[in-house]
Amino acid sequence: MCQECGCSQPGPYQVGDRKIDAHTHTLPDGTVITHSHHDHGPSHAHGHEHHHHGHAHHILNLNTGILNANDRAAEQNRGAFKALNLLVLNVVSSPGAGKTTLLTKTLNELKGRLRCAVIVGDLATDNDAARLRTTGAPVVQIATGTLCHLEAGMVAEAVKQLDLRALDLLIIENVGNLVCPASFDLGEAVRVVLHSVTEGEDKPLKYPPMFHSADVVGVTKTDMATAADFDRELALKNIRQASPRAKIFEFSARTGDGIQAWCAYLVALKTAGR
Amino acid sequence: MHEFGIMEAALETAAQKTRAAGATQIHRLKLRVGKLSGVVPEALQFAFDALKDKSLAAQAVLEIEEVPAVCWCADCAAEFETADLKYECPRCHQPSGDLRRGKQMELASLEIS
Numbered sequence: 420m421c422q423e424c425g426c427s428q429p430g431p432y433q434v435g436d437r438k439i440d441a442h443t444h445t446l447p448d449g450t451v452i453t454h455s456h457h458d459h460g461p462s463h464a465h466g467h468e469h470h471h472h473g474h475a476h477h478i479l480n481l482n483t484g485i486l487n488a489n490d491r492a493a494e495q496n497r498g499a500f501k502a503l504n505l506l507v508l509n510v511v512s513s514p515g516a517g518k519t520t521l522l523t524k525t526l527n528e529l530k531g532r533l534r535c536a537v538i539v540g541d542l543a544t545d546n547d548a549a550r551l552r553t554t555g556a557p558v559v560q561i562a563t564g565t566l567c568h569l570e571a572g573m574v575a576e577a578v579k580q581l582d583l584r585a586l587d588l589l590i591i592e593n594v595g596n597l598v599c600p601a602s603f604d605l606g607e608a609v610r611v612v613l614h615s616v617t618e619g620e621d622k623p624l625k626y627p628p629m630f631h632s633a634d635v636v637g638v639t640k641t642d643m644a645t646a647a648d649f650d651r652e653l654a655l656k657n658i659r660q661a662s663p664r665a666k667i668f669e670f671s672a673r674t675g676d677g678i679q680a681w682c683a684y685l686v687a688l689k690t691a692g693r
Numbered sequence: 052m053h054e055f056g057i058m059e060a061a062l063e064t065a066a067q068k069t070r071a072a073g074a075t076q077i078h079r080l081k082l083r084v085g086k087l088s089g090v091v092p093e094a095l096q097f098a099f100d101a102l103k104d105k106s107l108a109a110q111a112v113l114e115i116e117e118v119p120a121v122c123w124c125a126d127c128a129a130e131f132e133t134a135d136l137k138y139e140c141p142r143c144h145q146p147s148g149d150l151r152r153g154k155q156m157e158l159a160s161l162e163i164s
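If you read the protein sequences in the order shown, they are chains Y and E. Residues in the first sequence are numbered consecutively from 420, following my numbering. Residues in the second sequence are numbered consecutively from 52, following my numbering.
Right, here's the structure in full:
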């Protein structure tokens, strides 16, 4: 395929000792255009010189993904993580749903069972990183500036600061946001979407792309359910509707409820080699 | 507001393809956006209006084709379009996690000269 204009003609080739570096296009009106690839530049436009009027518009059908660059980087990450048999989670939620508190508890609970590290994204400050470091796990902070999500390339940069061979589990705590991170694959094996009881029961219905992409949905702050008038049955029904593939966990990082089941799940996943 | 970053990426790809075709101007830029892509067409339009002046698409019209979310129901062996993004098969009422279309974000075509 011609790399310059994207048409499905071969590139330069040679017949005898004659180099051939031109090919032909047929325009929708039947005009046949022949051009050489040496001519490419601002002055050269397919059809210009050949068309009835001077400024023929030309349709390019592309059908290319806009986030191809991120998706490629994510696949590279995924391949590298798989090769190292490293389990990688991408944890997303709205701000204040309890990501950092849950992860701190998780890291403490997994001590001696899985070797863990965390990459944490925030627009600014390393407050979350400092909280996570109290567990003794290595933590890399990504300050995204104004960006509302992490991208696969940022993760690839951040893991350079970690000794991945010495790890079993890498947890990526994404920027608190239930919209944008849904579109950006980081190369994780498991996407974990958290939602706290104080956010109401219909969160999964309000943010369909994020919840539909979840492998795990975790309901956090269950110790506050009564105070928040949280209708558990309705919430679970909504989660099952919005996230049909997801495994559901309920936890309270404060009381420790549900933390053991969650950690047992992570150990089992790691053992299964995901 | 990641629509800005997405629109920047779209305009960059569009400019590359336009130059590669030997053209200098984009007249129409057509994007295809799935209902579950996580981007909002209005926000894309807003980003386009803010960014286009510095690009080859300064005079261009933005066209956005929305693609519905379509799931596969294994029990019924049939596709269904998700109503209200609830992923429930209208025939057997079972939820489906097998999304077949609706997450894409594509640069569909360009009209250039």
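For glycine and all other residues, C-beta sits at the position ideal for the given N, C-alpha and C. None of these values were measured; they are calculated from a predicted model.
Beta-carbon gap between residue i and residue j smaller than 8 Å
| i | j | result |
| --- | --- | --- |
| Y/S512 | Y/L624 | no |
| Y/L605 | Y/A536 | no |
| Y/A672 | Y/H631 | no |
| Y/L685 | Y/L583 | no |
| Y/T641 | Y/E669 | yes |
| Y/V594 | Y/L526 | no |
| Y/A575 | Y/R610 | no |
| Y/S602 | E/V90 | yes |
| Y/A475 | E/S164 | yes |
| Y/V616 | Y/A647 | yes |
| Y/L479 | E/A61 | no |
| E/Y138 | Y/P663 | yes |
| Y/K396 | Y/I667 | The requested residue 396 of chain Y does not occur in the structure, where chain Y is confined to residues 420 to 693. |
| Y/N702 | Y/G692 | This structure cannot settle anything about residue 702 of chain Y, because the visible part of chain Y is limited to 420 through 693. |
| Y/N657 | Y/D621 | yes |
| Y/L588 | Y/I538 | no |
Spatially closest choice to residue i from the options, by CA coordinates
| i | options | result |
| --- | --- | --- |
| E/H53 | Y/E570, Y/Q495, Y/R552, Y/E528 | Y/E570 |
| Y/E494 | Y/R651, Y/G572, Y/L581 | Y/G572 |
| E/M156 | E/K86, E/F131, E/K137, E/Q145 | E/K86 |
| Y/Q580 | Y/V616, Y/V559, Y/K524 | Y/V559 |
| Y/L551 | Y/T617, Y/A654, Y/L522 | Y/L522 |
| E/S147 | E/M58, E/A125, E/P92 | E/A125 |
| E/E93 | E/M58, E/A134, E/K68 | E/M58 |
| E/F55 | Y/K666, Y/H568, Y/L479 | Y/H568 |
| E/T69 | E/K154, E/W123, E/S106 | E/S106 |
| Y/E618 | Y/P628, Y/P600, Y/A654 | Y/A654 |
| Y/I485 | E/R83, E/T75, E/E162, E/A109 | E/R83 |
| Y/C682 | Y/K530, Y/N489, Y/R491 | Y/K530 |
| Y/R659 | Y/F649, Y/G637, Y/D676 | Y/G637 |
| Y/R497 | Y/E652, Y/V578, Y/R651 | Y/V578 |
| E/L102 | E/D149, E/E63, E/G153, E/R142 | E/E63 |
Residue i, buried or exposed, once every other Cβ within 10 Å from all chains shown has been counted against 16
| i | result |
| --- | --- |
| Y/T519 | buried |
| Y/T674 | exposed |
| Y/V434 | Residue placement at Y/V434 is poorly supported in this model, since its pLDDT is 33, which falls under 50; the coordinates still yield a value, given next. Exposed: under 16 other Cβ atoms inside 10 Å. |
| E/E114 | exposed |
| Y/H477 | buried |
| E/L158 | buried |
| Y/P461 | Caution is warranted here: a pLDDT of 37 is assigned to Y/P461, below 50, making its placement in the model unreliable, and no coordinate value can be reported. |
| Y/E592 | buried |
| Y/T690 | exposed |
| E/R151 | exposed |
| Y/A528 | In the sequence as displayed, the identity of residue 528 of chain Y is Glu instead of Ala. By the neighbour-count rule (16 or more Cβ atoms within 10 Å), Y/E528 is buried. |
| Y/P514 | exposed |
| E/A129 | exposed |
| E/H144 | exposed |
| Y/D547 | buried |
| E/V112 | exposed |
| Y/T544 | exposed |
Beta-bridge partners of residue i, as assigned by DSSP
| i | result |
| --- | --- |
| E/V112 | E/R79 |
| Y/G572 | BP columns for Y/G572 are empty, so no partner. |
| Y/E669 | Y/V638 |
| E/S147 | Answer is none; E/S147 lacks a bridge partner. |
| Y/R651 | Answer is none; Y/R651 lacks a bridge partner. |
| Y/W681 | According to DSSP, Y/W681 bridges with nothing at all. |
| Y/D541 | Y/A562 |
| Y/T483 | E/L158 |
| Y/H614 | Y/V638 |
| E/R152 | E/V121 |
| E/E132 | E/V121 |
| E/G85 | E/V118 |
| Y/L508 | Y/I590, Y/V609 |
| Y/C535 | Y/L588 |
| E/E59 | According to DSSP, E/E59 bridges with nothing at all. |
| E/I163 | Y/H477, E/I77 |
Cβ distance (whole Å) where residue i is taken to contact residue j below 8 Å
| i | j | result |
| --- | --- | --- |
| Y/L508 | Y/E607 | 6 Å |
| Y/T639 | Y/G517 | 4 Å |
| E/L80 | E/A98 | With 8 Å as the limit, E/L80 and E/A98 do not qualify as a contact, their Cβ atoms being about 12 Å apart. |
| Y/A680 | Y/V635 | Wrong, their Cβ atoms sit about 12 Å apart, outside the cutoff. |
| E/E132 | E/V118 | Between E/V118 and E/E132 the Cβ distance is about 10 Å, and since that is not below 8 Å, they are no contact. |
| E/Q110 | E/Q76 | 7 Å |
Neighbour list for residue i in chain A, Cβ cutoff strictly below 7 Å
| i | result |
| --- | --- |
| Y/V598 | Chain labels in this structure do not include chain A; the protein chains are Y and E. |
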